[in-house]
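Number of protein chains: 2
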Amino acid sequence: MDYASILANITRHISLTKEEEDFFVSILNPRKLKQGEFAEKAGEVTTGFIQVASGCLMTYFTDKEGNDQVIQFSTAGWWTGDLHSLTKQEPSIYSTRALADSEILLLPKIRLEELLERYPKFERFFRIMFQNSLVTHQARLIEAFSLPAEERYNKFQKRYPQLEQYVPLKYIASYLGITPEFLSKIRRKRSN
Amino acid sequence: MDYASILANITRHISLTKEEEDFFVSILNPRKLKQGEFAEKAGEVTTGFIQVASGCLMTYFTDKEGNDQVIQFSTAGWWTGDLHSLTKQEPSIYSTRALADSEILLLPKIRLEELLERYPKFERFFRIMFQNSLVTHQARLIEAFSLPAEERYNKFQKRYPQLEQYVPLKYIASYLGITPEFLSKIRRKRSN
DNA sequence: GAATGATCTTGAACTAGATTAAGAAATCAG
DNA sequence: CTGATTTCTTAATCTAGTTCAAGATCATTC
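The listed protein sequences derive, respectively, from chains S and Z.
For the first sequence, our numbering begins at 1 and goes up steadily by one.
For the second sequence, our numbering begins at 1 and goes up steadily by one.
So, in structure tokens, the structure goes:
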């Protein structure tokens with residue numbers, strides 16, 4: 001497991017002493033997932049916050065009709081999970097599944113709380129992380145409403161060029177808020 | 001200005017000493033806005049983070065065709081502003097305008113940084129606030145993609161029953177991601 | 001209180017994207 | 001390698017929501 005790059009992601013926002021680094025690494029719970037396996041299942045209470053070390057995962061919501069709505073793809077360096085379930089300890093509405101063989105680091109809820117209490121500077125780290133994520137989510141919401149599907153697909157490809165190699169098109173369609181059939185139409189139209 | 005309820009909002013998440021309370025209040029910059037006035041204009045660099053004390057504001061994005069896309073309504077107790085412009089000090093893409101005569105408290109960027117440095121527990125406060133906001137934004141994104149406009153309108157009314165008295169329908173339509181004409185159709189259909 | 005401007009509604013024509021159904025291509029298991 | 005399953009594409013039909021244009025209602029100002 002490559003902890004150096006994981007720590008580098010954190011020290012972009014806050015500086016850590018050796019002691020803090022060691023403690024942080026010590027509370028991470030490494031797990032390997034084969035393609036298709038779940039890191040977390042809807043209906044169960046989330047046990048921790050997930051940091052992706054390698055591979056690719058997706059987090060999605062399944063509605064009553066059984067339609068999956070992808071809300072995030074996560075590759076190395078990304079955090080994922082259901083924050084609501086994590087804080088409130090209610091059953092999660094999201095599932096997180098490996099799209100390729102992956103390694104994840106689970107930060108269990110109790111350990112996360114311990115971390116924040118012992119080294120409050122991690123509050124700052126997560127504050128910055130959530131703040132940035134919020135900015136991204138606001139932008140996505142605006143795009144969802146004001147851009148046609150084709151332009152959303154363009155932006156998606158520019159923003160995450162490496163993802164299309166891992167992710168089946170039907171999940172990209174779902175992320176974009178359209179059907180696989182319509183994504184197919186966009187791709188054909190574009191290749192002419 | 002009613003600082004008690006503003007402080008109450010904060011002490012729901014972190015506890016404050018008298019000194020911390022006083023300092024926090026001392027850095028807030030009260031401003032009165034008449035209906036229609038701007039708290040913040042797209043294209044200008046955001047000067048601070050906005051807390052609403054009374055009235056009602058909306059934050060919206062204007063695209064190249066000049067269409068407004070409302071992303072948030074804020075009433076007493078809510079924070080608003082452009083987080084990206086605030087942190088990066090780049091021109092804001094959002095405008096924030098009063099929908100009714102309102103009072104706001106501006107927390108200037110430098111003072112915010114001073115607050116976080118002097119009393120790091122406010123990192124925790126904002127971490128929790130952004131985390132909750134993120135949960136809400138994820139849910140909105142899912143709703144935007146998976147629920148028809150009529151149900152989104154239902155949810156909106158249940159969630160913010162007090163808003164319809166302040167907010168012109170065309171802005172509610174924009175918030176829901178539909179045209180005013182279509183919202184009108186939904187309302188007529190419903191009243192039959 | 002008339003006039004002006006903004007907001008809201010209505011209806012007709014249109015379009016982006018959904019749905020259904022089927023076949024083609026790719027992936028996987030034994 | 002072969003059958004089975006999943007993914008991707010194509011085409012026809014349909015619908016939720018848009019656009020355009022006009023009139024009705026409401027608010028604001030002088």
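Glycine residues also receive a C-beta, built at the ideal position from the N, C-alpha and C atoms.
Problem set entry | residue 9(S) - containing beta strand (DSSP E), residue span | Counting along the chain, residue 9(S) falls outside any beta strand (DSSP E), though it belongs to the alpha helix (DSSP H) covering 3-11.
Exercise. Listed from N- to C-terminal order along the chain, which residues in the stretch 111-140 of chain Z have their beta-carbon within a distance smaller than 7 Å of any beta-carbon of chain S?
Worked result: 120, 123, 124, 126, 127, 130, 131, 133, 134, 135, 137, 138 and 140
Exercise. Which residues of chain Z have a Cβ atom closer than 9 Å to the Cβ of residue 10(S), listed in chain order?
Worked result: Within 9 Å Cβ-Cβ: nothing; residue 10(S) doesn't reach chain Z, min ~14 Å.
Exercise. The alpha helix (DSSP H) with residue 22(S) in it runs from where to where?
Worked result: 18-26
Problem set entry | chain S contact residues for residue 149(Z), given Cβ-Cβ distances below 8 Å | Here the premise fails: no neighbours, minimum Cβ distance about 11 Å.
For this session: Note down, one range per segment and in chain order, each alpha helix (DSSP H) of at least 4 residues found wholly within the stretch 146-170 of chain S.
Result: 149-159
Exercise. Quick one: what's got a C-beta closer than 8 Å to residue 176(Z)'s C-beta in the same chain, skipping five residues either side?
Worked result: 149, 152, 153, 156 and 183
Exercise. Is it the case that the Cβ atoms of residue 96(Z) and residue 59(Z) are separated by a distance below 9 Å?
Worked result: yes
Exercise. To the nearest whole angstrom, what separates the beta carbons of residue 206(Z) and residue 91(Z), a pair I think is in contact under 8 Å?
Worked result: Missing from the structure shown is residue 206(Z); chain Z here goes from 1 to 192 and no further.
Exercise. Hey, residue 115(Z) and residue 24(Z) are a contact pair by Cβ (cut 8 Å); roughly how many whole angstroms apart?
Worked result: 7 Å
Exercise. When we look at the beta-carbon of residue 159(Z) and count the other beta-carbons within 10 Å, is it buried (16 or more) or exposed?
Worked result: exposed
For this session: Tell me where the alpha helix (DSSP H) around residue 120(S) begins and ends.
Result: First-last for residue 120(S): undefined, no H or E at that position.
Exercise. At least one CB of chain Z closer than 9 Å to the CB of residue 145(S): is that the case?
Worked result: yes
Exercise. If you drop the 5 nearest sequence neighbours on each side, which residues of the same chain put their C-beta closer than 7 Å to that of residue 21(Z)?
Worked result: 7
Problem set entry | Residues near residue 70(Z) by beta carbon distance below 6 Å, same chain, minus five either side | 58, 60, 171, 174 and 175
Problem set entry | alpha helix (DSSP H) segment containing residue 180(Z), residue limits | 180-191
Exercise. Would you call the CB atoms of residue 127(S) and residue 12(Z) closer than 9 Å?
Worked result: no
Problem set entry | Cβ pair residue 33(Z), residue 102(Z) closer than 9 Å | yes
Exercise. Residue range of the beta strand (DSSP E) that residue 75(Z) falls in?
Worked result: 68-75
Problem set entry | residue 59(S) - DSSP class collapsed to helix/strand/coil | strand
For this session: Using a Cβ-Cβ cut-off of less than 7 Å, give me the residues of the stretch 29-61 of chain S that come near chain Z, in sequence order.
Result: 61
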